[in-house]
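This report refers to the structure that appears directly beneath it.
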Amino acid sequence: MKLPAEPRCLLPPLPAAALGPPWRRLWGQRPQLSSRRRTVRVWLKRDSGQYWPSIYYVMPSPCSCMSFNPETRRLSIGLDNGTISEFILSEDYNKMTPVRNYQAHQSRVTMILFVLELEWVLSTGQDKLFAWHCSESARRLGGYRTSAVASGLQFDVETRHVFIGDQSGQVTILTLEQDTCTLVTAFRGHTGGVTALCWDPVQRVLFSGSSDHSVIMWDIGGRKGTAIELQGHNDKVQALSYAQHTRQLISCGGDGGIVVWNMDVERQETPEWLDSDSCQKCDQPFFWNFKQMWDSKKIGLRQHHCRKCGKAVCGKCSSKRSSIPLMGFEFEVRVCDSCHEAITDEERAPTATFHDSKHNIVHVHFDATRGWLLTSGTDKVIKVRPWVLQPRLHEVCGAAAS
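Each residue of the sequence shown is one higher than the one before, counting from 50 in my numbering.
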């Protein structure tokens, strides 16, 4: 589907409905999106195989984010002016009826989540405010000021924990009550801003993607502070989606790369980088160690670190490269010579597969029931792909339909 403007967001597909001619169900479900031209569209697939918008609704301000609940057909749209507009879609998805507006933020709304179990609307904005409203009365229940603009939002219904990722690279965890919130913790593992969050409520694991090209798996349920880095992108991570039935994480990069991670693998945390004034292998001084340089009459060397053991080494003692998938490094990284010899071929076996989406991805959604992957990109195109995930690794079936 070619759009007149770059899509700002892509929602999960809508549920199946019995549609009369000339419309036909799109694998029983249909995607929606909003664009910079202030329009909201619901796309249906005709018998000819082409997609046409059954709804073309113009908003008073450019759309920035969306949230859709299939059970109630409730559509929440965040706008650049800080307002959240709520609609109800008809059963045949040919009409959207305005319900209410929330004056949620002072500037652009960045993320929206609707929690059906609690009748809450959670949102973040460029005003660095996280807020939650009652969806029945539109009354604001509470708010929390974040340290930077929020760019990721997830919620756990069981514990009422909300996870907020921001552009400073920090992830904040709050516990929400009806009209108050409590700060649980805030942790930082990325060197760049958080660009996407994904929550697994079964394993109680949080995934965060970042502009530093990495994905981090935070073991929230284990309560041991375990954080596993996944390095498999050459550009910033733009979107995340998790397939619960196969325990596979789908991460999408700004360069169009799609990586599918097997999360059944027992991975290790990357070691902390050690500090030293000299190489911990050959004892050669580093260039700031003037005393040892003078005493040994040697020129100081540049410091490097082995990704496997974390030791501070010189370039001569770390001339080899190797992938370490069990530590999250799917690409070859610097390791010291002794660690390179210790890594076996079995330990180099990949735990992820790599694919090219042929466009720069902005948003992604995986429909596990139908086996379809939806992506939207900066090229103004929505792609619908048949996508089959096997218990461990997967194959892509067929070409992309766009």
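Beta carbons: idealized from backbone N, C-alpha and C, even for Gly. Just so you know, these numbers come straight off a predicted model, no measurement behind them.
Would you mind reading off the limits of the alpha helix (DSSP H) that contains M108? Run containing M108: none; DSSP gives neither H nor E here.
Taking the alpha-carbon positions, what's the L350 to K369 distance? 17 angstroms
When the Cβ atoms of the segment 301-309 are set against those of the segment 397-414, are three or more pairs found closer than 8 angstroms? The segment 301-309 vs the segment 397-414: in contact.
Sort out for me which residues DSSP pairs H182 with in a bridge. V170 and R189
Could you compute how far the alpha carbon of E395 sits from the alpha carbon of A153? 53 angstroms
Whose C-alpha, out of E207, L178 and L190, is nearest the C-alpha of A199? L178
Other residues of its chain near I480: CB distance less than 8 angstroms, five sequence neighbours each side excluded: This structure leaves residue 480 out entirely; the chain is present only between 50 and 451.
Whether V413 touches A288 by CB criterion (8 angstroms): Result yes, Cβ atoms of V413 and A288 sit closer than 8 angstroms.
Can you tell me where the alpha helix (DSSP H) with M145 in it begins and where it stops? Per DSSP, M145 belongs to no alpha helix (DSSP H); it is in the beta strand (DSSP E), M145 to Q152.
Could you give the DSSP three-state label for Q175: helix, strand or coil? coil
Should E168 and E140 be called a contact, given that it needs their Cβ atoms to be closer than 8 angstroms? no
Straight-line gap, S133 to I277 (C-alpha atoms, nearest Å): Going by the sequence as given, residue 133 is Ile instead of Ser. So the alpha carbons of these two residues sit roughly 36 angstroms apart.
Under a three-way DSSP split, which group does S387 fall into? DSSP places S387 in helix when its eight states are reduced to three.
Does the segment 361-368 come close enough to the segment 266-276 that 3 or more CB-CB pairs lie under 8 angstroms? no
The beta strand (DSSP E) that contains F204, what's its start and end? In the DSSP assignment, F204 falls within the unbroken beta strand (DSSP E) covering A199 to D205.
Just how far apart, CA to CA, sit Q227 and L190? Roughly 7 angstroms separates the two Cα atoms.
Report the rounded CA-to-CA distance for V314 versus G258, giving the unit in angstroms. 19 angstroms
On the DSSP letters alone, give me the boundaries of the beta strand (DSSP E) that F256 sits inside. V254 to S259
Grab the span of the beta strand (DSSP E) containing S345 for me, first residue to last. Following the DSSP letters along the chain, one finds S345 in no beta strand (DSSP E) but inside the alpha helix (DSSP H) bounded by residues F339 to S345.
Counting only runs of 3+ residues fully inside the segment 263-310, write out the beta strand (DSSP E) ranges in chain order. 263-268, 276-280, 286-292 and 297-302
Between the alpha carbons of Q216 and K346, how many angstroms are there, rounded? Taking the straight line joining both Cα atoms gives about 47 angstroms.
Does any residue of chain E bring its CB to less than 8 angstroms from the CB of R316? Reference to chain E is not applicable here, since this structure consists of a single protein chain.
Is the beta carbon of F236 sitting closer than 8 angstroms to the one on V220? yes
Integer-rounded CB distance, given that S290 should sit under 8 angstroms from F415: 4 angstroms
For P374, name the three-state secondary structure that DSSP assigns. Correct three-state label for P374: helix.
Which same chain residues end up closer than 7 angstroms to Y105 when comparing Cβ atoms and leaving out the 5 residues on each side of it in sequence? Counting only Cβ-Cβ distances below 7 angstroms, and skipping sequence neighbours, we find T88 and R90.
Please name the residue or residues paired with D141 in a DSSP beta bridge. Answer is none; D141 lacks a bridge partner.
What residue range is occupied by the uninterrupted beta strand (DSSP E) comprising G127? R123 to L128
Is the beta carbon of W181 less than 8 angstroms from the beta carbon of F212? In this structure, F212 does not lie closer than 8 angstroms to W181 by Cβ.
From T121, G98, I126 and S116, pick the residue whose C-alpha is nearest to that of V107; which is it? When only C-alpha atoms are compared, the closest one is I126.
Checking the sheet assignment: what are the DSSP bridge partners for G426? Checking the DSSP bridge columns, you'll see G426 partnered with I410.
Let's test the definition: count the other Cβ atoms within 10 Å of the Cβ of K94 and tell me whether it reaches 16, buried, or not, exposed. buried
Might you give, ordered along the chain, the residues of its own chain that have their beta carbon closer than 7 angstroms to the beta carbon of E120, omitting 5 neighbours on each side? Around E120: L165.
Where C366 falls: helix, strand or coil (DSSP): helix
Could you pull the DSSP bridge partners for W322 from this structure? In DSSP, W322 forms no bridge with anything.
Measuring straight from C-alpha to C-alpha, what distance separates P435 and S110? Straight across, the Cα-Cα distance linking P435 with S110 is about 34 angstroms.
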